[in-house]
Amino acid sequence: MDPSLFTRINGGIKLFVLVYVDDIIVTRNDVAAISSLKSFLHSRFHMKDLDILRDSGYMGCKPCAFPMDQNIKLDTSSGELLFDPSLYRRLVGRLLYLIVTRPDITYVVNLLSQFMHEPWHPHLDAAIRVLCYLKSTPGHGLLLPASGTLQLTAYCDSDWASCPITRRSTTHYCVFLGGSLISWRTKKQHVVSRSSTEAEYRAMASVTCELTWLRSLLHVLGISHPQPSLLSCDNQAALHIAANPVFHECTKHIEIDCHLVHEKLQASLLSTGYVSSLQQLVDFFTKPLSKNRFHFLRGKLGLYSIQAPT
């Protein structure tokens, strides 16, 4: 179990506090109790609620409909270096915390974080555009419906050799509990993959670890999950490797990942399936999208505006 997660259950009231260094996330099934806890913490520590637009001085920025232009290519060979990179680093650092509840900015924030060591003016412009998008969607958040099943379902994909400098691939995945998005990630892989299938299989291994952890977390929260978790990807070769326990020269270097996924399949804790590229929800996290495609997938992932009329 996660040592940073503190729980308190008193009758029908449940309190969960997640702590990371000096940052705290509090959730409870009683809004008044959350306010009471925050007041108590305020009396003991200096605290503030994060408000990225106000803190960054962009409350008056012009809203835009989506966070990144399809035609923008960020690199380290165009524009000018920032004279003071600290502004960029603080801004992107705050955005990294925001993606915990806003998966719609995950791709662009992950991309911006790769230039923290030496940011250029185009990188800052792209970060400011994210603020403009947030300005246009202040009431957007994840909708967690009360109805539906508690089946864990995951989608994964990879962007093979996507880094132009290291040629390392990027893992993308998202996990649903029933119809609710509860986990997502975009992360550069630690080693270079020699094929798109290898990159895809490393992504499958990563999300398998996440599903294993989520099953244990659900158990602690008192939610049983007897059925296998469903993992879907759009690479038939990777699915074949998962089902085939025979290793040969082409897969020996990823044998540990193969054993990990296959072990969960054999234990009936995981099942795999194919999803077409058009139906691949994790496409939302892999690249800049057109306005229409972005809004379509945003709705599919369960991101809605609480201010919209019902």
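At the far end of the sequence shown sits residue 1681, using our numbering, and the numbering has no gaps. Beta carbons are placed, not taken as given, at the ideal position from N, Cα and C, and that holds for glycine. For clarity, every value in this text was computed on a predicted model and none was experimentally measured.
Point to revise | Limits of the unbroken alpha helix (DSSP H) element including ARG1460 | key: Working through the sequence shown from its first residue, we reach residue 1460 at position 89. Counting along the chain, the alpha helix (DSSP H) containing ARG1460 begins and ends at 1457-1469.
Review point. From this set, LEU1672, GLU1569, ARG1473, which residue's C-alpha is nearest ILE1423's C-alpha?
Key: Mapped onto the sequence shown, residue 1423 falls at position 52. Nearest of LEU1672, GLU1569, ARG1473 to ILE1423, Cα basis: ARG1473.
Review point. Residue range of the beta strand (DSSP E) that TYR1391 falls in?
Key: Residue numbering aside, residue 1391 sits at position 20 when the sequence shown is read from its first letter. Counting along the chain, the beta strand (DSSP E) containing TYR1391 begins and ends at 1384-1391.
Check your understanding: Under the rule that 16 or more other beta-carbon atoms within 10 Å means buried, what is ASN1606, buried or exposed?
Key -> Indexing the sequence shown from 1 puts residue 1606 at position 235. Classification of ASN1606: buried, given that the 10 Å Cβ count is 16 or more.
Exercise for review: Confirm, please, whether the CB-CB distance from LEU1601 to SER1642 is below 8 Å.
Suggested key: Taking the first residue of the sequence shown as 1, we reach residue 1642 at position 271. Taking the first residue of the sequence shown as 1, we reach residue 1601 at position 230. Yes; because the gap between Cβ atoms is below 8 Å, this pair is in contact.
Practice item. Quickly, what does DSSP pair ARG1399 with across the bridge? List them, please. Key: Translated into the one-based positions of the sequence shown, residue 1399 becomes position 28. BP columns for ARG1399 point to LEU1386.
Point to revise | Closest by C-alpha distance to CYS1528, when choosing among SER1577, ARG1538, ILE1395 | key: Here the question's residue 1528 lines up with position 157 in the sequence shown. Cys is not the amino acid found at residue 1528; the sequence shown has Asp there. Looking at the Cα atoms, SER1577 is the closest of the given residues.
Check your understanding: How would you call THR1579, buried or exposed, if buried means at least 16 neighbouring beta carbons within 10 angstroms?
Key -> For the purposes of this step, residue 1579 is taken as the residue at position 208 of the sequence shown. The residue is buried, with at least 16 neighbouring Cβ atoms inside 10 Å.
Check your understanding: Among PRO1535, ASP1393, ASN1400, which residue has its Cα nearest to the Cα of HIS1417?
Key -> Here residue 1417 refers to the residue found at position 46 when the sequence shown is read from its first residue. Here the closest residue by C-alpha is ASP1393.
Review point. When we look at the beta-carbon of LYS1635 and count the other beta-carbons within 10 Å, is it buried (16 or more) or exposed?
Key: What you label residue 1635 is simply residue 264 of the sequence shown in a count that begins at 1. Answer is buried; the Cβ neighbour count reaches 16.
Practice item. Starting from PHE1377, follow its DSSP beta bridges and name the residues at the other end. Key: Position 6 of the sequence shown holds residue 1377. Partner(s): VAL1388.
Review point. By how many angstroms is the C-alpha of VAL1563 removed from the C-alpha of PRO1509?
Key: Taking the first residue of the sequence shown as 1, we reach residue 1509 at position 138. Taking the first residue of the sequence shown as 1, we reach residue 1563 at position 192. Computed Cα separation, rounded: 39 Å.
Check your understanding: Looking at C-alpha atoms only, which residue of LYS1558, LEU1589, CYS1534, MET1575 is the closest neighbour of GLY1549?
Key -> Locating residue 1549 in the sequence shown gives position 178, counting from the first residue. Minimum Cα distance to GLY1549 is reached at LEU1589.
Practice item. For the segment 1577-1629, list the beta strand (DSSP E) runs that are entirely contained and at least 3 residues long, ordered along the chain. Key: 1600-1604
Practice item. To the nearest angstrom, report how far apart LEU1552 and GLN1560 are at their CA atoms. Key: Sequence index remark: in the sequence shown, residue 1552 carries index 181 (1-based). Sequence index remark: in the sequence shown, residue 1560 carries index 189 (1-based). Approximately 23 Å, taken between the alpha carbons.
Review point. PHE1667 by DSSP, collapsed to three states: which one?
Key: Residue 1667 sits at position 296 when you count from the first residue of the sequence shown. Here PHE1667 sits in helix by DSSP.
Practice item. Go ahead and pull the three-state DSSP assignment for VAL1563. Key: Looking up residue 1563 in the sequence shown gives position 192. The answer is coil: DSSP assigns VAL1563 none of H, G, I, E or B.
Exercise for review: Return helix, strand or coil for PHE1349, following the three-state DSSP convention.
Suggested key: In the structure as shown, the chain begins at 1372 and stops at 1681. Residue 1349 is therefore absent and cannot be evaluated.
Point to revise | Burial state of ASN1481, where buried means 16 or more other Cβ atoms lie within 10 Å | key: Walking along the sequence shown from the start, residue 1481 turns up at place 110. The residue in question, ASN1481, is buried, as its Cβ has 16 or more Cβ neighbours within 10 Å.
**Study point:** With 16 other Cβ atoms within 10 Å as the buried cut-off, status of GLU1491
**Key:** As a first step, residue 1491 must be located in the sequence shown, where it is residue number 120. Checking the sequence, you will find Trp at residue 1491 rather than Glu. TRP1491 is buried by the Cβ-count criterion.
Point to revise | Proximity to THR1657 [Cα-Cα], best of CYS1545, ASN1615, LEU1631 | key: Taking the sequence shown and counting its residues from 1, one reaches residue 1657 at position 286. Ranking CYS1545, ASN1615, LEU1631 by Cα distance to THR1657 puts CYS1545 first.
**Study point:** Assigned secondary structure, CYS1503 (DSSP; H/G/I helix, E/B strand, else coil)
**Key:** In the sequence shown, the residue the question calls residue 1503 occupies position 132. Three-state DSSP puts CYS1503 in a helix.
Exercise for review: Would you give the residue range spanned by the beta strand (DSSP E) that SER1647 belongs to?
Suggested key: Translated into positions along the sequence shown, residue 1647 becomes position 276. From DSSP, SER1647 is part of no beta strand (DSSP E); its letter is neither H nor E.
Practice item. Figure out for me which residue from CYS1629, CYS1534, GLN1598 has the closest Cα to the Cα of ALA1574. Key: Within the sequence shown, the letter at position 203 stands for residue 1574. Answer by Cα proximity: CYS1629.
Exercise for review: Decide if SER1587 is buried, meaning its Cβ has at least 16 other Cβ atoms within 10 Å, or exposed.
Suggested key: Translated into the one-based positions of the sequence shown, residue 1587 becomes position 216. That one is exposed.
Check your understanding: Using the C-alpha atoms, what's the distance from LEU1502 back to LEU1445?
Key -> Your numbering for residue 1445 matches position 74 in the sequence shown. Your numbering for residue 1502 matches position 131 in the sequence shown. Going from the Cα of LEU1445 to the Cα of LEU1502 covers about 17 Å.
Check your understanding: So which of ASP1530, ASP1373, ARG1460, PHE1377 has the shortest CA-CA distance to THR1398?
Key -> Along the sequence shown, read from residue 1 onward, the residue named residue 1398 stands at position 27. Cα-wise, what sits closest to THR1398 is PHE1377.
Exercise for review: Can you say whether PRO1597 is buried or exposed, counting buried as having 16 or more other CB atoms within 10 angstroms of its CB?
Suggested key: For the purposes of this step, residue 1597 is taken as the residue at position 226 of the sequence shown. With fewer than 16 other Cβ atoms within 10 Å, it is exposed.
Review point. Can you give the Cα-Cα distance for GLY1383 and THR1520, rounded to whole angstroms?
Key: Looking up residue 1383 in the sequence shown gives position 12. Looking up residue 1520 in the sequence shown gives position 149. Approximately 22 Å, taken between the alpha carbons.
Exercise for review: Report yes if the C-beta distance between LEU1513 and LEU1640 is below 8 Å; otherwise report no.
Suggested key: Within the sequence shown, numbered from 1, the residue matching residue 1513 stands at position 142. Within the sequence shown, numbered from 1, the residue matching residue 1640 stands at position 269. No, they are not a contact pair.
Practice item. In angstroms with no decimal places, state the Cα-to-Cα distance between LEU1389 and ILE1395. Key: Counting from 1 along the sequence shown, the entry for residue 1389 is found at position 18. Counting from 1 along the sequence shown, the entry for residue 1395 is found at position 24. Taking the straight line from one Cα to the other gives about 6 Å.
**Study point:** THR1353: first and last residue of the uninterrupted alpha helix (DSSP H) it sits in
**Key:** The first residue shown for the chain is 1372 and the last is 1681, placing residue 1353 beyond what the model contains.
Exercise for review: With 8 Å as the threshold, decide whether the Cβ of CYS1629 is near any Cβ in chain C.
Suggested key: Structure shown: chain C not included; a single protein chain is present.
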